[in-house]
Amino acid sequence: DAYREDFLLECRRGSGFTYRGTKSQTVSGITCQKWSSSTPHVPRYKPNNFPYAGLEANFCRNPDNDTGGPWCYTQDPKKRWEYCRLPECEDTCMYCSGENYRGQVSQTEDGVKCQAWNSQVPHRHGYNPSFFADKYLQENYCRNPDGEPRPWCFTTALDRRWAFCNIKRCSGEPPSIEIETKCYTERGQLYRGNISTTRSGKTCQHWDSKDPHVHSRTHRNYPCRGLESNYCRNPDSEKEPWCYTTDASTRWEYCQVPKCGNQTRDSPPECYNGTGVDYRGTVSMTISGKRCQAWESMKPHRHLKTPKNFPNSGLEDNLCRNPDRDRAPWCFTTDPSTRWEFCNIKKCLSVVILPSRPPPSNQCIIGNGVTYRGSRSITSSGRTCQEWSSMTPHIHVTFTPEVNPNKGLEGNHCRNPDNDANGPWCYTTDREKKYDYCDDIPQCELSTKCGKPAIEPKNCYGRIVGGCVSNPYSWPWQVSVRTGYGFHFCGGTLIAPKWVLTARHCLKRSTRPSAYRIYLGIYKEDSDERSKQIRDVDKLVMGPDNSDIALVRLSRPAILNDKVSVVCLPEKDYIVPSGTGCFVTGWGETQGTGGDKYLKETGFPVFDNKICNRPEFLNGVVTSKELCAGDIDGGHDTCQGDSGGPLVCPDSSKRYVLQGVTSWGYGCARRMKPGIYVRVSSFIDWIESTIS
Numbered sequence: 001d002a003y004r005e006d007f008l009l010e011c012r013r014g015s016g017f018t019y020r021g022t023k024s025q026t027v028s029g030i031t032c033q034k035w036s037s038s039t040p041h042v043p044r045y046k047p048n049n050f051p052y053a054g055l056e057a058n059f060c061r062n063p064d065n066d067t068g069g070p071w072c073y074t075q076d077p078k079k080r081w082e083y084c085r086l087p088e089c090e091d092t093c094m095y096c097s098g099e100n101y102r103g104q105v106s107q108t109e110d111g112v113k114c115q116a117w118n119s120q121v122p123h124r125h126g127y128n129p130s131f132f133a134d135k136y137l138q139e140n141y142c143r144n145p146d147g148e149p150r151p152w153c154f155t156t157a158l159d160r161r162w163a164f165c166n167i168k169r170c171s172g173e174p175p176s177i178e179i180e181t182k183c184y185t186e187r188g189q190l191y192r193g194n195i196s197t198t199r200s201g202k203t204c205q206h207w208d209s210k211d212p213h214v215h216s217r218t219h220r221n222y223p224c225r226g227l228e229s230n231y232c233r234n235p236d237s238e239k240e241p242w243c244y245t246t247d248a249s250t251r252w253e254y255c256q257v258p259k260c261g262n263q264t265r266d267s268p269p270e271c272y273n274g275t276g277v278d279y280r281g282t283v284s285m286t287i288s289g290k291r292c293q294a295w296e297s298m299k300p301h302r303h304l305k306t307p308k309n310f311p312n313s314g315l316e317d318n319l320c321r322n323p324d325r326d327r328a329p330w331c332f333t334t335d336p337s338t339r340w341e342f343c344n345i346k347k348c349l350s351v352v353i354l355p356s357r358p359p360p361s362n363q364c365i366i367g368n369g370v371t372y373r374g375s376r377s378i379t380s381s382g383r384t385c386q387e388w389s390s391m392t393p394h395i396h397v398t399f400t401p402e403v404n405p406n407k408g409l410e411g412n413h414c415r416n417p418d419n420d421a422n423g424p425w426c427y428t429t430d431r432e433k434k435y436d437y438c439d440d441i442p443q444c445e446l447s448t449k450c451g452k453p454a455i456e457p458k459n460c461y462g463r464i465v466g467g468c469v470s471n472p473y474s475w476p477w478q479v480s481v482r483t484g485y486g487f488h489f490c491g492g493t494l495i496a497p498k499w500v501l502t503a504r505h506c507l508k509r510s511t512r513p514s515a516y517r518i519y520l521g522i523y524k525e526d527s528d529e530r531s532k533q534i535r536d537v538d539k540l541v542m543g544p545d546n547s548d549i550a551l552v553r554l555s556r557p558a559i560l561n562d563k564v565s566v567v568c569l570p571e572k573d574y575i576v577p578s579g580t581g582c583f584v585t586g587w588g589e590t591q592g593t594g595g596d597k598y599l600k601e602t603g604f605p606v607f608d609n610k611i612c613n614r615p616e617f618l619n620g621v622v623t624s625k626e627l628c629a630g631d632i633d634g635g636h637d638t639c640q641g642d643s644g645g646p647l648v649c650p651d652s653s654k655r656y657v658l659q660g661v662t663s664w665g666y667g668c669a670r671r672m673k674p675g676i677y678v679r680v681s682s683f684i685d686w687i688e689s690t691i692s
């Protein structure tokens, strides 16, 4: 339910459309009729007809957004319906860093009005309320969706993208949490023990110290995170407790904190796939640290999500589950003022161990593995495959040897009979998991032709800052560099199955590989395509001599196919002739001229540095390891969001060669100000030595 709030107070905001409390009596004291009942009144508003209106039990609700506020049908045959008495909510204060703040402050701390979250004017951004319903990005209210020190918003000022808001702190104690002192569960955000050494034996730096490493993760900026002394903690959703070290050459490391309990291969994973409908792990804590209410219990919150009503949803004890197909596992909480919250569980990430030697050809895959006929019969999560001809435990119709005799569906081996972009899969012998992927089967060594897209590009000499939408998947080496939350902020180029080339400045926000994700095989910025491949990052390598170039190593190789392929690299120290027509691509800013959601392209000439360094153009700022390209008259250029993306030029055999990495410029498509790109040919030795 996109409108449920995780702070459920017995008050209403506005019309009370989002009210989800437990008031069940009208202003005159009549008890409310159940929404699912037809006695004594046949209701117009029923739970089945209005599934997102929260019509549970006989609680007061406002399914029609009545300006008078929440109401209900009554149990009095003479009184069909009546309003409920609910006070207006005051603006709530915030605890900790305000992750759960749901108040209505809508201006920054210096008085600038906030931009609405569903608006892209004046600032384009990736915080789309429809994609992140659990963050409650409502109206233009200040929120903290990404773990900042306190709530913030984009501003309506053209010269200021975002700013913090001035939210008052609650005077009382923050909601209590059950801390862990000897070991940690999940990601260790509740660990409050006294270990202060890293895995390699280094001593942790005090959180309030700036020596030897300057940082912002202090107790003042991150209250409620236990940042006392120099103890190992996890204030920012890393995968486990960590600390800055007292070694000037090592900024941070994970700590030597044991994980609670025995971790076995066959235990349910403490992460979820998809929306977590099949999650059967043991987490029983919400995102704010509240303990879950047992599903069979009606205290403190009455509800209908019981094991009896949802017998196949795994509603055991007080464990996090997703019986109603919400966006992620959740639970009712034991806090009387908070009816429910999403749980503190992350999405599952595939861990891949590549073979030490090239596997036999029948034990590796080409592309997405449609032709794979190897003997693998265990999924990536360790589940045994069900035989394709079997109907136990999972009944299926389409993918059997009889219906698809040429798909290799003999035995219980991993296969890809439906051309799934994610690779081979199988039905599993686990009753709780119908199917699972075998996505760690290695790629076969191929003599893949670089720079040859399967789909012909438009070769449009338009401009990204004006919208020349490309042919879908015609630039198959283009990748989207994103935060761990999935927000696009930079481009990149696939130069090898496990390596992406981008700009150094795109990686300034964090030195941790886990802070980034790479999206491949996409055409739309919202990436709702079957061809999409998502890879985590396991290594960042910055270019030499502070150059604006960097390499990103993927946690597992990209699957090369007609929508994902590598670009060619230039010869060492090659200089692109002045006037050569080249192309840039990206999802960057279009200044409101259209095509924002799709990959765009533009073509323009490369200029000799001597021309670009003239006083009337860039006045000597372009170095020998950079090149400039664009339209001297303005209008053709890359813009914000295209940073790190490719500038490619066709060679004599019509292969596309990566000659530049989008780096910087003076504004977007300004007259006399061509864009600046890192000259890739100047870094060939570094690239080859890094990826070899």
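Note that full-length UniProt numbering has the sequence shown beginning at 1, numbered continuously upward. We put the beta carbon where it would ideally sit given N, CA and C, even for glycine.
Exposed or buried, what is residue 103 when buried is set at 16 or more other beta-carbons lying within 10 Å of its beta-carbon? Label assigned to residue 103: buried.
On the DSSP bridge assignment, give the partners of residue 604 in chain order. 582
Counting only runs that start and end within the stretch 404-445, where is the beta strand (DSSP E) found for 3 or more residues in a row? Counting only runs of 3 or more, we get 425-427 and 435-437.
Buried versus exposed call for residue 290 [16 or more other C-beta atoms within 10 Å across all chains shown]: buried
Start-to-end residues for the alpha helix (DSSP H) that takes in residue 684: 684-691
Going by C-alpha distance, which of 221, 87 and 566 is nearest residue 454? The option with the nearest alpha carbon to residue 454 is 566.
Comparing C-alpha positions only, which one of 575, 255 and 549 sits nearest to residue 193? 255
Applying the criterion that 16 or more other CB atoms from any shown protein chain within 10 Å of the CB defines a buried residue, is residue 200 buried or exposed? exposed
Exposure of residue 525, with buried meaning 16 or more beta-carbon neighbours within 10 Å: buried
If we count Cβ pairs, one from each stretch, closer than 8 Å, do we get three or more for the stretch 230-247 versus the stretch 204-214? yes
Residue span of the beta strand (DSSP E) that contains residue 493, given as start and end: Its beta strand (DSSP E) spans residues 488-496.
Of the listed residues 298, 183 and 280, nearest to residue 313 (C-alpha basis): 280
Do the CB positions of residue 329 and residue 322 come within less than 8 Å of each other? Taking 8 Å as the cut-off, the beta carbon of residue 329 is found closer than this to the beta carbon of residue 322.
Closest by C-alpha distance to residue 304, when choosing among 582, 25, 581 and 47: 47
Which residue marks the beginning of the beta strand (DSSP E) containing residue 534, and which one marks its end? 533-542
Ignore the nearest five residues each way along the sequence and tell me which others in residue 170's own chain have a CB closer than 7 Å to its CB. 93, 94 and 95
Residues in its own chain within less than 6 Å of residue 36 by CB, not counting five upstream and five downstream? 47
If contact is defined by three or more beta carbon pairs under 8 Å, each pair taking one atom from either stretch, is the stretch 475-484 in contact with the stretch 504-520? yes
Cβ-Cβ distance between residue 416 and residue 471 below 8 Å: no
Just to confirm my understanding: we take residue 110, look at its own chain, exclude 5 residues before and 5 after, and list those with CB closer than 8 Å. What are they? 163
Between residue 300 and the rest of its own chain, which residues show a CB-CB distance below 6 Å, the 5 nearest in sequence each way excluded? 336
Over the uninterrupted beta strand (DSSP E) stretch that includes residue 154, give me the two end residues. Annotation: the continuous beta strand (DSSP E) that includes residue 154 extends over 152-154.
Distance, residue 228 Cα to residue 714 Cα: What is shown of the chain runs 1 to 692, which leaves residue 714 out entirely.
Taking only runs of the beta strand (DSSP E) that begin and end inside the stretch 272-357, which ones reach a length of at least 3 residues, in chain order? 330-332 and 340-342
Looking at the structure shown, is residue 163 part of a helix, part of a strand, or coil, going by DSSP? strand
Expressed to the nearest angstrom, what Euclidean distance is found between the alpha-carbon atoms of residue 61 and residue 44? 13 Å
Count the other CB atoms within 10 Å of the CB of residue 137; is the residue buried (16 or more) or exposed (fewer)? Of the residues assessed, residue 137 falls on the buried side of the cut-off, its CB having 16 or more other CB atoms within 10 angstroms.
Is the Cβ-Cβ distance between residue 494 and residue 403 less than 8 Å? no
Need the endpoints of the beta strand (DSSP E) that residue 483 sits in, please. First-last of the beta strand (DSSP E) with residue 483: 478-483.
Restricting to Cα atoms, I'd like to know which of 438, 288, 224 and 187 is closest to residue 383. 438
Give me the Cβ distance between residue 551 and residue 378, rounded to the nearest whole Å; I'm assuming they're in contact under 8 Å. Residue 551 to residue 378, Cβ: 32 Å. No contact.
Using a Cβ distance threshold of 8 Å, determine whether the stretch 381-395 contacts the stretch 427-441, with at least three qualifying pairs required. yes
Check whether residue 372 and residue 442 have beta carbons under 8 Å apart: no
With distance defined between alpha-carbon atoms, name the residue in 414, 479 and 180 nearest to residue 285. 180
Buried versus exposed call for residue 27 [16 or more other C-beta atoms within 10 Å across all chains shown]: exposed
Which of helix, strand or coil DSSP assigns to residue 452: coil
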